[in-house]
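Structure record follows, encoded as structure tokens.
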Amino acid sequence: MNLVSPGGSDEARRRRRITTAVKESLRQVRNQLSLLNHQVSGRLDLKDVDLDCLELIGRYGPLSPSVLARRAGLHPATVTGILDRLQRGGWIVRERDPDATDRRAVGVRALRGRSGEVFRLYAGMNTKLDEICADYTEAELELVQNFLRRVTEAGRDATGELSDR
């Protein structure tokens, strides 16, 4: 008796189901994190995109506005408006870049005194993540971290492909 169906092996079907479930879970994570970020940005009186740019500046700054625009996948004029709002709100400072050949060049950096407000709003999620991670072995966490890093790289590549069109 042959247990292999005409559409492929049971193992291949199970793998497709699991892969589909992983993709669906990633969409659900993205949606939930988007909702969380929306709540955080609302409490900080920021637009969602402002919070995204503030995260990039805090993580990789100081950045030039053009580098921020590239990393955020935004038009430079849009970034100018975002930086204006962030500066008015006391979140960032623009400073002349002393190493630049163009005297007009500026770098943007996040002001440290405000980061505590953001961290406090994410404290509940960070606590939950710590609790979840405590249930996994170090090897399992390394596997999850590697998977998420590769998903991030795939997302970066897909974003670049779309923005190049």
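Using my numbering, the letters of the sequence shown map in sequence onto residues 2 to 166. The beta-carbon is built from N, C-alpha and C at its ideal position, and this holds for glycine as well. From a predicted model like this one, the values you see are computed outputs, not experimental measurements.
In this chain, the alpha helix (DSSP H) harbouring Ala155 covers 139-165. Exposed is the label assigned to Gly117, since fewer than 16 other Cβ atoms lie within 10 Å of its Cβ. Contact between Met126 and Leu36 does not hold, since the beta-carbon distance rounds to 11 Å and is not under 8 Å. By the beta-carbon neighbour count (other beta carbons within 10 angstroms, threshold 16), Ala73 is buried.
Distance from Arg95 to Leu84 at the Cβ level is roughly 7 Å; contact confirmed, criterion being Cβ atoms closer than 8 Å. Separation of the CB atoms of Ala111 and Asp98 is rounded to 16 Å, and the pair is thereby denied contact status at 8 Å. Setting aside the 5 residues that flank it on each side, Leu69 is surrounded in the same chain by Cys54, Leu57, Ile58, Val80, Val109, each with a C-beta closer than 7 Å to its C-beta; the list follows chain order.
Under the DSSP definition of a beta bridge, Leu64 partners with Val109. Taking all protein chains in view, the Cβ of Asp49 is surrounded by fewer than 16 other Cβ atoms within 10 Å, so the residue is classified as exposed. If you draw a 10 Å sphere on the C-beta of Ile133, you find fewer than 16 other C-beta atoms in it, and that means exposed. Our two residues, Gln88 and Gln29, have alpha carbons roughly 33 Å apart in a direct line.
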